[in-house]
Structure formats: C-alpha cells, structure tokens
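Undergrad: Those protein sequence lines, which keep their order, are chains A and B. Last residue of the first sequence? That's 271 in this note's numbering, and every number before it is there in order. Last residue of the second sequence? That's 1340 in this note's numbering, and every number before it is there in order. Take a look at the following structure, please.
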Amino acid sequence: MTRKNNNFIMRAVVYVGYFMALFPLLVLIIWSFTGIWPWPQLLPETFSLRALDELFGGYSGAIKALISSGLISAVVALLSIVVSLPAARAIVLCDFLGRDLLKFIVLMPVIVPATAFAMGIDVLFMKIGLSDTVLGVILVHIILCLPYTVRIMTEVTEATGDKLEVQARVLGASPLKVFTNITLPIALPGIISSVCMAFIVSFSQYFITLLIGGGTVVTYAMFMFPYIQSGDRTIASAYSVLFLLSTLIVFVFLDRTVKKYYDIGDVFYFN
Amino acid sequence: MDNLLLSNLHVSLGGNKILMGINFKVRKGEIVSLLGPSGCGKSTLLKTTAGLIEPSQGEVYIGGRLVNRLAPEERGTVIVFQDLRLFPHMNVGENIGFGLRMKGVNKEIIRKNVISILEKVGLAGCDKSKVYELSGGQQQRVALARALAAEPEVLLLDEPFSSLDENLRQKMRELVIKLHRELNLTTILVTHDQEEALLMSDRIAIMLNGQILQYDTPKSVYENPATPEVANYFGEMNYIEGFVEVGHFQSFHNSSIDGYKTSLKAGKYSLMLKPSQIKLVKEPGVWLIKAISYLGDKYNIRITNNGLDLVIVTASNTDVHIGELVNIKLDYPKGVFYKK
C-alpha cells in the first residue's frame, strides 16, 4: 500500500467519523423546526416554530431548568475536583494500607448499577432529611462522578509525580506556593478533563435526580425525558439540541478561558 | 569557617539504614565532592542536608545555625537534580527567576538578575524561550542558572552531568568551575565519576555503605588512599601480599618480585600499586601477558606469574603481544602499604 493510498484511507476514515457524529445532530436540528415530516420524504413537509415557542415561551420553564441544572452540575463538578485532586495525590504519592483496594472501590459507582444503590441512599436521606433537597441531589451526583474524576486525576498525577514540587520547595517555595505555582498549573489539563466529565455525568442524570430529588428538584434532563418518551419529535429534538449546545458551550468556555489564563498549550508531561 | 556541618548523622529509609554516623564539614566557598558507587548514600546525604529527608539521629548546621527543624524552603540550600526538573509551564526566564519570586523580591530586580545570570551561563537572550525548545545542554545550563539565581548559601548538585555525553559534560564542568570562582559559592557535588571529582573539588569525600571513608584533597585521596576500598574506587589496583621483617619487605612471590627496604614495623602487609606504577620491562622474563586492552593513549595489560595476576599500563606505541614473556619493575616509593 503506497504512502499516498494510506494517507487517503486515513483521511477518509476521519471524514466518515465526522459525518457519523454530525449527521444525526443535523437531523435533530431539522426535526426541531419540523411541522409534519411523513416517512418517505427526505425533508419535512412543513416547518414550524412550535418548538421554539415551547422552549423559550413563558410557560415552559425550560430555560429556568437549564440554568438551575447548569448550576447544580457546576457545583457537582467543582466539588468532585476538590475531592479528587487531593485523593489522587494521596493514592499516587503516599503508601497506605488498603491503597489498591481504594483504587478499586472508587470505581464501584460505575460497576454497580445506580438504581441498585440509589434506593438505599434515598432511604438514608429520608431519615436524615436530605431527601427531596438540592444538596441531596448534589451529593449523589458527586458519588456518580467520582470514579471518573478520581481516575483521571490519578493518571495525571502518576504521569507527573512530585518531582517538580520537590524542586520548587528546595528553590524556596512554601507548600502553599508550591500548590498554586506548580501543582495546580501542571494538573490543569487533567482538571479540565475531569470537570467536563463530571459536568456531563451530572447534567445527564435523570433517574437518580428523580429518585433523590423526588420531583422537587427539577433538572433539565428531567424536563427533557418525558418529551422524548411522548413521541412528540419536534419538541423532543429541540430540547435535545439545546442540551447538546449547552454542554458544548460549557466545554469550549472552560477549555478556552482556563488555557488562556494560564497561557499553556496542550498537555505536556515532562519527566 | 564551616558553612556546612553534619554531626553524627544517621538516616534510615524504609527500614534500611542508609547513613551511619556521618560527620562532615564544608568550609565557606569550598567545592567538595561526594564520591562513591551507586547506593552508598551520597544522594541521601544531599537530600538530608536540604531537608527533604529527616534524620533519625544527628544534627545539620548551615551557616552556623541548627536547621534540623527547618523546612527545605527555609534552609538556604538548593539542589540541582540529575533529571533537571525544569518547570514546563514556565519559560526560561520564569524558571530562573522562580527562587527570587518565591522570596517576594521586586520584579525589576528579578528581571535584571535573570538577564545577568543568563549571560553568565552563555544563554543570553533565551529568557522568553519555552523550556522544551532548548537542547539538552542548554536545559542543563538553565537548571544551573535557576539554582544560582535563587542565591543559596549552599549549592547541592546531585550527579547533574551523568546523563550527558563526554563533550557536554566537560563543558558543563568548566562552567561550574568558572562560576564557582566568580561567585565563591559553597558547593557540594555528588558524583560517581572519579575523574570529575578529582578535577573539580577542593576536597573529596569517598563514601561507601553509608560512611565517609576518607575526606581530603584530591591529591591525598588519590596518592594516599586510606584503605583499599578507597583505592579501588579510582580504578583497578594491584595488591601484592607480603611481610616485613627487619626493615625489609618481601612479597610471598619471592622469585618474581624484588624486595624493598622499608622502615615499617614487622608484620603482614598488602602492598598496593597502581597499574601505572608497575613498569613493563621489555626483556625476556617470567611474566606472561594474558590480555591487552587498547585505550587510545595506552594499553592495559594483564600479566600473570605463579598464580599472581597484575594489571599494568604502558604506552600504546609499545610493541607487545599476548603470550609474550616479560619482566616488570615496581615503583615501590609510590606504593601504599596496608597493614593486615
């Protein structure tokens, strides 16, 4: 196989991949503006702005739910990181009894179905009064996000070790200055990944939020799912597109802003 | 005046005793080497001095004050590690200025310092470069500059040139010597390269198994090693067993080695001679040449007679062959006698 053929095939694969990811999105967008779209036709028969009205109009509360969801997920992502970074450093840099077991236990929320343990959590929360509260929902979301964030931060910490921190200390930096000048900037690519991951996991939660939040805590996902189930494709598609757009905006915003502030390129692991 | 004093230092790591009773003094402005094989504890000694490792016993004094309780950032010691550890998210100038920035020094002063140090190490104009854009040699110089810019009381270098090729290593050695002359900074260099230690130090401390065996000027350590272990560090040595009786040393190998008049007390001795201190005499003799190694300017020749193996050195323009029988002449005055 010549080099040129190889190149062509690789590019073809990439473009097919792009297409397969973006084409369904395109279909969703078209559906959002559809009035009637009977089966054999390639394009909708009529167009309508019904969905826009539904979403942004006065009665729906969809935008409110979007904002409050965004805030809840942002808090979840932040708290997950606050827990995961020190945890990852401890797992990688300290040797303690049960360390390997801990590395496995942290992954449990992904292995064990959420519905299985969420019931138990709900009963406990009811007893201590966290059921039907935003705080309760945030706490459970954090549990669901931790496998990802701890894992990502552990990998990142393993790649860099504590060598740079040691060097910074002998150069005269106190432990706090080491953290802000060395640890945090170096871990930043990992932190961005973790925050995005945690945000999307939390933002997508439906059943858990319903269970723990008891219908009192309303998130955007909870708003969206009934429409998807209902069969009203126009509105369901509109909600989905908005969902995708919001998460995309969050990702891009985080990525750009933080990288610009720290003036770093992409990931660099120095050894 | 002693700038650094280690008193009865004992250090254990992970249950193993690494340093056992180290007593070590360095004068202000001196440059000393810790020389020893891997695992002898020299890096541990360095890290304990800097405060990265806590001793189980003993005291560390820097500039006259007891620093046992002080954190690494407060001791006034800076380490340059073998793997350099340049900060990848900062450019060269920010790396070098890091030490002073942590002290809270004014930005303008830091900038001037950085520029001046970059010139001293031959990297003028590189202050805005990214660290990963530099070559290995340039990165070495940045690491050195960063340590110097932090204005330490004691500079600690942990095998900083081990990973460099010969050419670069020489250049870096010259740079360190030059900077040391300019700044008169107390420096401790950890190395396993005996040539480096001999070349650069005011004094050398030979370490083995967590203890300092000898601590003296390069000439003394090289020509009068205190023990065979110290001698062996500088290369393969010849040991001729024998005894002294009524002012005369005789080796057990009566026939092939001449005796020697000496004022040593009677007893069993081990005579140590460097390969260069046994001359090859090109006449038919009793010593059989077993092997010849070519080393550029010289040959390393292994000879044997009656069960005794010796290593001798001769210029590479000598005509020698394996299997040849030759004679030798011992340079007794240069040898060192160890009493058994």
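Glycine residues also receive a C-beta, built at the ideal position from the N, C-alpha and C atoms. Source: prediction; values computed, not measured.
From Leu1422/B to Pro1284/B, what does the alpha carbon distance come to, in whole angstroms?
TA: Residue 1422/B cannot be examined here, being either before or after the span of chain B that is shown, 1001 to 1340.
Undergrad: Give me, in chain order, the residues of the same chain whose beta-carbon lies closer than 8 Å to that of Gln1140/B; leave out the 5 immediate sequence neighbours on both sides.
TA: Answer for Gln1140/B: Leu1084, Pro1160, Phe1161, Leu1164, Leu1168 and Met1172, listed in chain order.
Undergrad: Given a limit of 9 Å on CB to CB distance, which residues of the region 208 to 234 of chain A reach chain B?
TA: Hits within the stretch: zero.
Undergrad: Just mark Asn181/A as buried or exposed, buried being the case when its beta carbon has 16 or more other beta carbons within 10 Å.
TA: Answer is buried; the Cβ neighbour count reaches 16.
Undergrad: Is Lys260/A close to chain B? Criterion is C-beta to C-beta, closer than 9 Å.
TA: No - not a single Cβ of chain B is within 9 Å of the one on Lys260/A.
Undergrad: What do you reckon, are the CB atoms on Ile142/A and Val83/A nearer than 9 Å?
TA: Yes, the pair counts as a contact, with Cβ atoms nearer than the cut-off.
Undergrad: Pull the bridge partners of Phe1024/B from the DSSP assignment, please.
TA: Bridge partners of Phe1024/B: Leu1006/B.
Undergrad: Return no unless some Cβ of chain A is closer than 9 Å to the Cβ of Gly1099/B.
TA: With 9 Å as the cut-off, Gly1099/B counts as an interface residue toward chain A.
Undergrad: Leaving out the 5 sequence neighbours to the left and right, which residues in its chain are closer than 7 Å to Lys1261/B when beta-carbon positions are compared?
TA: Excluding residues within five positions, the ones whose Cβ falls inside 7 Å are Gly1247 and His1248.
Undergrad: Let's test the definition: count the other Cβ atoms within 10 Å of the Cβ of Leu1144/B and tell me whether it reaches 16, buried, or not, exposed.
TA: With 16 or more Cβ atoms within 10 Å of its Cβ, Leu1144/B is classed as buried.
Undergrad: Apply the 10 Å Cβ neighbour rule to Glu1223/B and answer buried if 16 or more other Cβ atoms are within range, or exposed otherwise.
TA: By the neighbour-count rule (16 or more Cβ atoms within 10 Å), Glu1223/B is not buried but exposed.
Undergrad: Using the rule of at least 16 other Cβ atoms within 10 Å of the residue's Cβ for burial, across every protein chain shown, is Glu165/A buried or exposed?
TA: Classification of Glu165/A: buried, given that the 10 Å Cβ count is 16 or more.
Undergrad: Apart from the five residues just before and just after Leu171/A, which ones in its own chain have a Cβ nearer than 7 Å to its Cβ?
TA: Cβ neighbours of Leu171/A beyond the five flanking positions: none.
Undergrad: With 9 Å as the limit, tell me which residues of the region 1165 to 1179 of chain B have their beta carbon closer than that to any beta carbon of chain A; keep them in chain order.
TA: If the cut-off is 9 Å between Cβ atoms, the region 1165 to 1179 of chain B has nothing near chain A.
Undergrad: Alpha carbons only, please: which of Gly1093/B, Glu1166/B and Leu1123/B is nearest the one belonging to Arg1111/B?
TA: Closest by alpha carbon: Gly1093/B.
Undergrad: In terms of residue numbering, what span does the alpha helix (DSSP H) encompassing Gly1366/B cover?
TA: Look at the range of chain B in this structure, 1001 to 1340, and you will see that residue 1366/B is not part of it.
Undergrad: By the 10 Å Cβ neighbour count, where 16 or more other Cβ atoms means buried, how is Ile105/A classified, buried or exposed?
TA: Ile105/A should be labelled exposed.
Undergrad: As a quick exercise: from Tyr206/A, Gln167/A, Phe203/A and Leu139/A, pick the residue whose alpha carbon is nearest that of Ala1050/B.
TA: Answer by Cα proximity: Gln167/A.
Undergrad: Based on the DSSP output, what are the partners of Ile1110/B in its beta bridges?
TA: In DSSP, Ile1110/B forms no bridge with anything.
Undergrad: Is it true that the region 1074 to 1088 of chain B meets the region 1013 to 1031 of chain B, where meeting means three or more beta-carbon pairs spaced less than 8 Å apart?
TA: These segments do not touch.
Undergrad: Can you name the residues of chain B whose CB is closer than 8 Å to the CB of Pro185/A?
TA: In chain order: His1089.
Undergrad: Using a cut-off of 8 Å between C-beta atoms, extract the partners of Ile182/A located in chain B.
TA: Neighbours of Ile182/A on chain B, chain order: Phe1087.
Undergrad: Would you please verify whether the beta carbon of Ile1079/B is less than 9 Å from any beta carbon of chain A?
TA: Judged by the 9 Å Cβ criterion, Ile1079/B is in contact with chain A.
Undergrad: Give a yes or no on whether 9 Å exceeds the smallest Cβ distance from Leu102/A to chain B.
TA: Not closer than 9 Å to any Cβ of chain B, the Cβ of Leu102/A fails to qualify, so no.
Undergrad: Does the Cβ-Cβ distance between Leu1005/B and Lys1025/B come in under 9 Å?
TA: Result yes, Cβ atoms of Leu1005/B and Lys1025/B sit closer than 9 Å.
Undergrad: So, does the CB of Gly1267/B fall closer than 9 Å to a CB anywhere in chain A?
TA: With 9 Å as the cut-off, Gly1267/B does not count as an interface residue toward chain A.
Undergrad: Check the C-beta distance from Gly945/B over to Cys1040/B and give it rounded, since I have them as a contact under 8 Å.
TA: Chain B is shown only over 1001 to 1340; residue 945/B falls outside these bounds and no answer can be derived.
Undergrad: Cβ of Asp1127/B less than 9 Å from any chain A Cβ?
TA: Not an interface residue.
Undergrad: Scan the region 169 to 181 of chain A for residues whose Cβ lies nearer than 7 Å to a Cβ of chain B and list them as they occur along the chain.
TA: Listed in sequence order: Arg169, Val170, Leu171, Gly172, Ala173, Ser174 and Lys177.
Undergrad: Tell me which same chain residues have a C-beta within less than 7 Å of the C-beta of Ser1038/B, skipping the five on either side of it?
TA: Result list for Ser1038/B: His1192, in chain order.
Undergrad: Could you work out which residues of chain A lie near Ala1150/B, taking near to mean beta carbons separated by less than 7 Å?
TA: What Ala1150/B touches in chain A: Leu171 and Gly172.
Undergrad: In terms of residue numbering, what span does the beta strand (DSSP E) encompassing Ala1315/B cover?
TA: From DSSP, the beta strand (DSSP E) with Ala1315/B extends over Leu1308 to Ala1315.
Undergrad: By DSSP, does Met984/B sit in helix, in strand, or in coil?
TA: Any property of residue 984/B remains undetermined from this structure, which presents chain B solely from 1001 to 1340.
Undergrad: Does Ala114/A have its Cβ less than 9 Å from a Cβ in chain B?
TA: No, its Cβ sits nowhere closer than 9 Å to a Cβ of chain B.
Undergrad: Hey, is the region 202 to 212 of chain A in contact with the region 71 to 80 of chain A, meaning 3+ C-beta pairs nearer than 8 Å?
TA: Yes, they touch.
Undergrad: From Gly1036/B, Ala1226/B and Val1336/B, pick the residue whose C-alpha is nearest to that of Leu1208/B; which is it?
TA: Minimum Cα distance to Leu1208/B is reached at Gly1036/B.
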